[in-house]
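What follows is a single structure, written as structure tokens, with notes after it.
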Amino acid sequence: MTNGQPEVWSLGEGQAPEELDKPIETPPLSTLLIEKPQSATVSVAKGGDVSFIAKVEAKDLLRKPNIKWFKGKWMDLASKTGKHLQLKETFDRFTKIHTFEMHIIKAKDSYAGNYRCEVTYKDKFDSCSFDLEVKESGQGSQNIDIRSAFKRRNWTRKSVGQLYVSPISTAREPKQQEDTPEVDVWEILRNARPDEYEKIAFTYGITDLRGLLRRMKKIPKEEKKSEAFAKKLEPAYQVDKGGKIRLVVDLADPTVDLKWYKNGQEIRPSPKYIFEHKGTQRILVINNCNLNDDAAYAVAAGDDKCSTELFVKELPVKIVKGIEPVKTTVNERIELECEVSEEGAQIKWMKNGVEVPTGVRSRYRVKCEGAKHFLVIDDASRDDTGIYSIMATGGTSEAHVQVDLKPLKVYQDLQDMTVMLGQPIKLHCEIYPGNVPGRWYRNGQLIQPSDRINIIHRNKIARVHRLEIESCSLHDAGDYTFVPEGYSQSLSAKVHIIDPPRVHLEGLNFPDNTVTIVAGNKLRLEIPISGEPAPRVVWMKGERVILETGHRVRAETYGDQTSLTIDVTEREDTGNYKIVLQNEAGEATASLKVKVVDIPDPPEAPLVPVVGGDWCSMTWDPPKYDGGSIILGYFIERKKKQSSRWMRLNFDLIKETIFEPKKMIEGVPYEVRVFAVNAIGVSKPSEPSKAFTPLAVTSEPTMLVVEDVTDTTVTVKWRPPETIGAAGLDGYLVEYCVEGTDDWIVSNSELTEKTKYTITDLSPGCKITVRVKAINAAGASAPRTLQHYILVKEVIEPPKIRVPRHLKQTYTRRVGETVNLVVPFMGKPRPKVSWLKEGKNVDPNVSIRNTECDSIIFIRKAERSHSGKYEMTVQVENHQDTAIIDIQIVDLPQPPQSVTIEDVWGGNVALVWTPPKDSGNAPITGYTIQKADKKTMEWYTCIEHYHRNCITITELVVGNEYFFRIFAENMCGPSETATQTKKSAVIVKEGLQLKMQGFEDHNFKEAPKFTQPLINTFAIAGYNTTLNCSVRANPRPKVIWMKNKIAIIDDPRYRMFSNQGVCTLEIRKPSPYDGGMYTCKAINDLGEAQVECKLEVKVITQ
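Residue 1 is where the sequence shown starts when you use UniProt numbering, and the numbers rise one by one after that.
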């Protein structure tokens, strides 16, 4: 049900009401259905269940037949299965019967109608029809809403599984219900022709046309008189096939023109269609009716028209006389005869359920003589045995045909024989009767005579049959059979052909029967072999037999070849392999050599005997195993010891086992390794060599000169080599050679690190030459040799003092500083050095140290008493040299002796002072004058570096009272204290007299207090920035700047200023590292205060 209303089935065909009461013809007997659904009408109460069963025998069927259930002519019920309709199929394996069932559950009024069951299998077809009638309460059709009673319901997914009508007009239905409620469909149907019923039902959404026609039949007809026709055609006519029918109309006006139509096409007079006139009657006679005449006919008289339907009924063809069983022998003629009820009827001849072919080339002939039908087999054989049947539309008839062979006498049977390959084969037998021909078969295949095969049966009287094959082949072996025609007996023999085994290596193109393969690849040798019967094959390697069940190495034999398979070849697979073939005809052997080639083993670890500055020499031994192929060369790789990356040094193979790597970095440890290469590939690398470091000897020492010569010694000196290298410099080796010899004598047994050396234990008066070599880990450098021989004899050299340039002037130092003066001198032998100060001995606090070439005067902490002129004397025997060095020790000056106010006028004050008593042992370079207001007593500098002893201070403020002080300056700086005026200078307005009133001085002292705090700042990296704040305090506070709570002290990146209470911190070219919290802290005797800010340094990115 859909939306609570019963589902309606559609018939899908137009049918006159008169046809509904006609009984449905029983179909002819089926060749497939052994049990069909009940052909009688079945009545079931409304809401009840009913089942229909059809059975098909599968004895002669190879697969399941196809079955379809229909309602009416076209509605396939397979798509309507669900809760109201179920289709079921079962198969009984013992009886071999297919059972097909259709169950209708809770039948409704709309389920009534005609049903059909169709069964098909290949070219077979069978069907049967049956009716279903559902009982219901009788009500007049006049009170029924025809569109609601016979219209299908709205289709939704909830109605799936219910009996359902095709959704052709689903979308149109709601509109029909709303737009056409007043249409009288009954009246339309009454006035319509039967062939228009389907169109009207489709237009108005009526799908149960059969139910509608049943209802129309019960409605009393109201004859409507026609103006043109006194009597119209009947609604429908029926005629048997081959019969004649007369369609008669009675005209009201006989003069009107009349036209007959068939399916809308006008009918013309012909022998088949004859028009007759009898008074006012007009008659259409249709002769010899067939199925093409089953159509809708209409007659038009003027504007009036009437129509009818003609149904041509085809009578079933019945079998009057069935076919009879036949039993005969081979080569006889068989004729099957039957008689049917109608001449020229279409029938089918069947053999074992399969239609008999009747073509031109068929062994079967079919002929027809009136109602009699014949099936003729001219030359019967045993294959013609079976059940023959004839099928007509009204029944079937069948009979059994048995074809037997004729008896035969055998005087000499065929004999089994064994023949060597290539020898002739001769088979013969003797039978009676002798005139019976026969056929020869080999393994079931018919043998035809040819140039090689002769079949001999000389005449019809001879009883001997011969088969001769000139030169036999392997295909000639098998079972030979001689079958006499027409007899049930056959003669057979086996022919066995043997052939000695052979191994065919000549076609494999293996040079010297040697197979070469690369290790790791799969080897499969397929060797053709021959021999009959198939020889037994054995593969052997040495004394070991290779089995077919081997895992990696196995032998296989199939057909005419044998194979040796090695899945992954290894070096051990190299060797000679032997093939042994054996059969009853003999034995054969063959040998193959398998050579497995591989990449060579890695060479031995290379040796590095010689190492240079950027090169080395390496050697190695060839690999122990060359992989079965000649070594083509070697690849060399090297790497730094601390690295894991190897670098190839040669791209062309090296044939020799020696190589010199170059372009290495001096002082870096290296390792080298070697690869061997053959025709197969590259070996694994050898073990790395021991690490070695390329080191170069230094260049030769430079500037070798003789420094001193005595009676027994020679002192030479030199400078280090220009190029030392990564190996460094371990020391120097000094050698000398006496004139007249070629022997170089090593002077120093141990290397000397100094660039000066004295050769001792020399013979006085001899001449020698000297050379020096620089030694490091790489060895000795090239020697540096003196150009001339040296006479070993001491030479007197007058002394000479080489006073440095800065000591030729007065040497000035401050008190407390260190004085360290080096005065070099020359002379041989070693001069004597003496010092005097102002003609007196030098103060013991002055340290003097003399060497062979210089004298050092050292004062740890200079004092003013150390000032003076020092005289240095250098003496060698009677030769001497002197030099005077003036040393001045200076100190800060004392302040001026007295400062007085000379005069005051207007805003000007004249000051006069006397020079200090002690100038600090240095001339006074200037004075600094400062002033202070009596109220604040804060000192401000008026002028610096003033050279005179008197000055006039101007631009003083009227009404203020000032004090003045003066500092003395020399080259050491200003004096530590200043001399202050005892009296003050009062600046008054001219012409006025100031009366001083007594008052108490106000206490201006207070703890530090910041009047302007620090502000958080953003700075750009690389650009100077400043932090500013202001503080008020008395006395003047000490200001401390901190970054992240750490005081900033002596950092050149920061500059701090404090002026009139404004504190400034300048940060030069800040970086992100300079960001953070900055604090300014002010401290005096009354307290302290601090302010903070955050600095963020941003980096500008491109």
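Idealized CB from N, CA, C, for every residue including glycine. Just so it is clear, the structure is predicted and the values come from calculations on it, not from any experiment.
**OP:** Using a threshold of 7 Å, state whether the C-beta atoms of Ser629 and Val597 are closer than that.
**Re:** yes
**OP:** Express the C-alpha separation of Arg814 and Val803 in angstroms, rounding to a whole number.
**Re:** 22 Å
**OP:** Within the same chain, show all residues whose beta-carbon is closer than 6 Å to that of Val734, passing over the 5 residues directly before and after it, in chain order.
**Re:** Ser747, Asn748, Tyr757 and Val772
Original post:
Under a Cβ-count criterion, where at least 16 other Cβ atoms within 10 Å of its own Cβ denotes burial, should Leu581 be classed as buried or exposed?
Top reply: buried
**OP:** Enumerate in chain order the residues of its own chain whose CB-to-CB distance from Val842 is below 6 Å, with the five nearest sequence positions on each side excluded.
**Re:** Trp835
Original post:
Hey, would you say Asp438 sits closer than 7 Å to Glu485, going by beta carbons?
Top reply: Note on residue identity: the sequence assigns Gly, not Asp, to residue 438. A contact, by the Cβ cut-off of 7 Å.
Original post:
So what does DSSP say about His373, is it helix, strand or coil?
Top reply: Looking at His373 - three-state DSSP - the assignment turns out to be strand.
**OP:** Taking only heavy atoms of the ligand ATP into account, decide whether any of them is closer than 6 Å to the Cβ of Cys616.
**Re:** With respect to small molecules bound, the structure shown includes none, and the ligand ATP cannot be examined in it.
Original post:
Skipping 5 residues on each side, what residues in its chain have a beta carbon closer than 7 Å to that of Cys1093?
Top reply: Leu1014, Ile1015, Asn1016, Thr1017, Leu1027 and Tyr1078
Subject >> Identity of the residues DSSP links to Pro528 by a beta bridge >> reply: Gln561
Original post:
From the DSSP output, which residues share a beta bridge with His879?
Top reply: Val876
**OP:** Report back the beta-carbon spacing between residue 1137 and Val677 to the nearest angstrom; my notes put them in contact at under 8 Å.
**Re:** Within the shown structure, residues of the chain are numbered from 1 to 1102, placing residue 1137 beyond reach of any answer.
Original post:
Just how far apart, CA to CA, sit Gly279 and Asp304?
Top reply: 19 Å
**OP:** On the DSSP bridge assignment, give the partners of Met1056 in chain order.
**Re:** Leu1065
Subject >> Every unbroken alpha helix (DSSP H) inside the UniProt domain "Fibronectin type-III" (895-991) [4 residues or more] >> reply: none
**OP:** Can you grab the Cα-Cα spacing for the pair Cys1063 / Cys1029, in whole Å?
**Re:** 5 Å
**OP:** Could you spell out where the beta strand (DSSP E) holding Ala201 opens and where it closes?
**Re:** Note, Ala201: premise wrong, no beta strand (DSSP E); alpha helix (DSSP H) at Tyr197 to Thr203.
**OP:** Please work out which residues of its chain come closer than 6 Å, Cβ to Cβ, to Pro1035, disregarding the five sequence neighbours upstream and downstream, and give them in chain order.
**Re:** Asn1084
Original post:
What are the boundary residues of the beta strand (DSSP E) that includes Ile267?
Top reply: Neither: Ile267 is in no beta strand (DSSP E) and is coded neither H nor E.
Subject >> Assigned secondary structure, Ile105 (DSSP; H/G/I helix, E/B strand, else coil) >> reply: In the structure shown, Ile105 sits in coil (DSSP, three-state: anything other than H, G, I, E or B).
Subject >> Three-state secondary structure assigned by DSSP to Gly728 >> reply: coil
**OP:** Can you give me the start and stop residues for the alpha helix (DSSP H) that Arg190 sits inside?
**Re:** Val185 to Asn191
Original post:
When burial is assigned at 16 or more other CB atoms within 10 Å of the CB, is Asp903 buried or exposed?
Top reply: Flag for Asp903 reads exposed.
Subject >> 8 Å CB neighbourhood of Ala295 in its chain, flanking five on each side removed >> reply: Lys262, Asn263, Glu309 and Leu310
Original post:
Can you check whether the CB of Leu607 is closer than 7 Å to the CB of Thr619?
Top reply: yes
**OP:** Please work out which residues of its chain come closer than 8 Å, Cβ to Cβ, to Tyr1054, disregarding the five sequence neighbours upstream and downstream, and give them in chain order.
**Re:** Trp1041, Ile1048, Leu1065, Glu1066, Ile1067 and Arg1068
Original post:
What is the DSSP secondary structure of Leu315, reduced to helix, strand or coil?
Top reply: coil
Original post:
Are there three or more Cβ pairs, one per stretch, closer than 8 Å when the segment 503-516 is compared with the segment 467-477?
Top reply: No: fewer than three Cβ pairs fall under 8 Å.
Original post:
Looking only at C-alpha atoms, which of Pro720, Lys717, Ile768 and Asp761 sits nearest to Asp742?
Top reply: The residue with the shortest Cα to Cα distance from Asp742 is Ile768.
Original post:
How would you call Ala691, buried or exposed, if buried means at least 16 neighbouring beta carbons within 10 angstroms?
Top reply: exposed
Subject >> Residues bridged to Met664 (per DSSP) >> reply: DSSP output for Met664 lists no bridge partner at all.
Original post:
Candidates Asp451, Ser450, Leu467 and Arg452: which alpha carbon is nearest Arg458's?
Top reply: Nearest C-alpha to Arg458: Leu467.
Subject >> Residue from Leu77, Pro974, Lys372 and Gln897 with nearest C-alpha to Asp891 >> reply: Pro974
Original post:
Leaving out five residues before and five after Glu955 in sequence, what residues of the same chain have Cβ atoms less than 7 Å from its Cβ?
Top reply: For Glu955, same chain residues with a beta-carbon under 7 Å away, outside a window of 5 residues either side, are Gly907 in chain order.
**OP:** Might you give, ordered along the chain, the residues of its own chain that have their beta carbon closer than 6 Å to the beta carbon of Tyr441, omitting 5 neighbours on each side?
**Re:** Thr481
Original post:
What's the gap between the Cα of Leu762 and the Cα of Tyr736?
Top reply: 10 Å
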